[in-house]
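*Asks:* Just so we're aligned: the sequence shown equals residues 53 to 479 in the working numbering. The C-beta atom is built at its ideal place from N, Cα and C for all residues, glycine as well. Dropping the structure in here first, questions after.
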Amino acid sequence: MNVFRNKTGNQPVSAYRDIFEQYITDASFLWVLRSIGVKQPHYSVSDIAELELRIDASLDGLMNSIDLAWELCKESLTFEQAGEAFTAAVIAFRSHDVEKIKTAVSAGLVNDETFKGLTSALGWLPGNLVHGWIQKFLTSKDLNHKYLAISACSVRRENPGEILAQILQREDCLAHTKLRARALRLIGELKIHDLKWALSDTESDTQADDEPEVKFWLNWSRLMLGDSAQIEQLQEYVVQPGALQTIAIETAFRALPVATGRKWISQIAADPEQVRAVIRATGVLGDPHAVPWLIDKMGNAETARLAAEAFSMITGIDLVRYDLSIEVPEDITILPNDNPEDENVDLDEDENLPYPDVNKVAYAWQKHGGKYVAGQRYFMGGAINRQALEEKLTRGLQRQRNAAALALALLETQTLLINTKARSSRQ
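Structure (structure tokens):
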């Protein structure tokens with residue numbers, strides 16, 4: 053007996069509406085929290101797994117009455133937000149109802165945010181619920197469906213097979229910028245060496261020149277497959293602020309020779325507005341030669357925590373563990389603040405990083421800095437090799453794990469890029 057229906061068995065009992073609304077609110081909010089957490093410096097794998105259990109609990113609660121759950125999910129889709137798109141898609145696919153799935157997919161294609169939620173749902177659910185649909189989307193005439201399927205394969209780290217080669221040869225698919233960029237990116241993520249031809253065609257370079265996103269992922273995948281000569285093609289993304297600058301820095305400075313990396317950092321530093329990009333690049337390059345400069349930047353409130361993170365990425369010295377951090381000084385503004393009249397609601401990207409005690413950090417470096425060799429590359433205080441990177445993948449915090457996965461994929465041309473943001477049970 054379904055306790056969530058009235059005596060006629062036709063309509064959901066309205067008394068449970070508030071409970072189900074809360075399930076949707078919780079699942080959607082927790083998904084957003086998780087999507088932030090997988091990129092944060094203080095979240096561990098167990099923290100992410102705990103969030104996933106809470107999300108699953110809310111989703112399972114909704115499955116007690118599909119009709120009521122879906123009625124409320126449809127209402128939530130009007131917000132056109134990622135979390136609600138995720139929740140609705142999970143319920144739709146778990147219902148096996150074709151019309152519900154069509155509605156959830158259409159809602160997920162509304163904007164970039166809802167697309168993230170829909171794609172995440174396709175990565176969240178077990179293969180028996182989504183593989184058939186992903187295959188349908190791959191062969192669909194709707195190019196947005198193909199884009200969705202390729203994105204799902206990317207999240208799941210699954211090779212779509214021959215259809216990927218077909219997509220990369222069809223003029224209509226190549227004209228769809230997002231589809232083409234994601235398809236090229238997938239080659240690098242999965243290390244599909246059989247599709248090198250799609251990356252080496254000189255016509256591809258010409259066509260990509262007017263599409264920065266396509267050009268970036270084309271050259272990113274070339275580098276991931278071992279073509280180190282293509283790293284020069286990433287320089288324009290490294291030195292110019294933009295949506296791709298961070299991933300360009302994270303990738304290029306793990307592959308560049310240290311001497312060349314220093315030169316590139318000097319080019320970024322020519323723009324005084326890009327000091328944060330310089331700090332980020334310095335931490336990724338891993339050269340202890342720059343540690344004194346990082347310590348100097350810890351004396352500036354705007355760069356203190358980011359510089360401390362870069363210091364830890366190079367040296368492996370944990371500021372909290374070794375009592376090298378302090379409470380955030382009272383005169384420093386944290387965003388967002390509690391002032392209802394302050395229109396600045398941007399999140400402080402350094403909020404969850406420890407605030408360094410500059411004097412203690414300087415003393416620690418004076419005491420231990422002799423162990424590090426300038427001009428050599430370090431990651432978390434050690435040499436960059438498979439064993440060390442796998443150890444960080446297993447035990448590190450999320451931002452460390454994300455860096456370790458990329459470093460490992462660059463180290464070995466046959467090793468796919470592990471999705472450290474995927475469900476913890478699938479990593």
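(1) Bridge partners for residue 431 per DSSP, in chain order?
(2) Contact defined as beta carbons within less than 8 Å: I believe residue 371 pairs with residue 331. What is the distance between those atoms, to the nearest angstrom?
(3) If I measure Cβ to Cβ from residue 394 and keep anything under 6 Å in the same chain, skipping five residues before and after, which residues do I get?
(4) Can you name, in chain order, every residue of its own chain whose Cβ lies under 8 Å from the Cβ of residue 404, other than the five neighbours on each side?
(5) For residue 474, which of 379, 437, 83 and 266 has the nearest alpha-carbon?
(6) Buried or exposed: which applies to residue 241, given that a residue is buried once 16 or more other Cβ atoms fall within 10 Å of its Cβ?
(7) For residue 301, which three-state DSSP category applies?
(8) Beta-carbon within less than 7 Å of residue 230's beta-carbon, same chain only, minus the 5 sequence neighbours each way: which residues are those?
(9) Would you decide whether residue 432 is buried or exposed? Buried here means 16 or more other CB atoms lie within 10 Å of its CB.
(10) Would you mind stating whether residue 340 and residue 425 have Cβ atoms separated by less than 9 Å?
(11) Let me know if residue 381 comes out buried or exposed under the rule of 16 or more other beta-carbons within 10 Å of its beta-carbon.
(12) Please classify residue 145 as buried or exposed, where buried requires at least 16 other C-beta atoms within 10 Å of its C-beta.
(13) Does DSSP put residue 408 in a helix, in a strand, or in coil?
(14) Tell me residue 100's beta-bridge partners as DSSP assigns them.
(15) Count the CB pairs spanning the segment 206 to 224 and the segment 233 to 249 that are closer than 8 Å, and state whether there are at least three.
(16) Please look up how many angstroms separate the CB atoms of residue 171 and residue 142, rounded, as I've assumed it's under 8 Å.
(17) Note down, in chain order, each residue of its chain lying with its Cβ closer than 6 Å to the Cβ of residue 296, except the 5 sequence neighbours on either side.
(18) Which class does residue 219 belong to by DSSP, given the choice of helix, strand or coil?
(19) What first and last residue would you give for the alpha helix (DSSP H) that runs through residue 343?
(20) Would you grab the beta carbon distance between residue 449 and residue 470 for me? Rounded to a whole angstrom, and I think it's under 8 Å.
*Replies:* Taking the coordinates as given:
(1) 434
(2) Between residue 331 and residue 371 the Cβ distance is about 15 Å, and since that is not below 8 Å, they are no contact.
(3) Residue confidence is low: residue 394 scores 43 on pLDDT, short of 50, so the model does not pin down where it sits. No coordinate-derived value is stated.
(4) 92, 93 and 94
(5) 83
(6) buried
(7) helix
(8) 199
(9) buried
(10) yes
(11) exposed
(12) buried
(13) strand
(14) None; residue 100 has no bridge partner.
(15) yes
(16) At roughly 12 Å, the Cβ-Cβ gap does not stay under 8 Å, so residue 171 and residue 142 are not in contact.
(17) 268 and 289
(18) helix
(19) 343 to 349
(20) Not confirmed; about 15 Å, so no contact.
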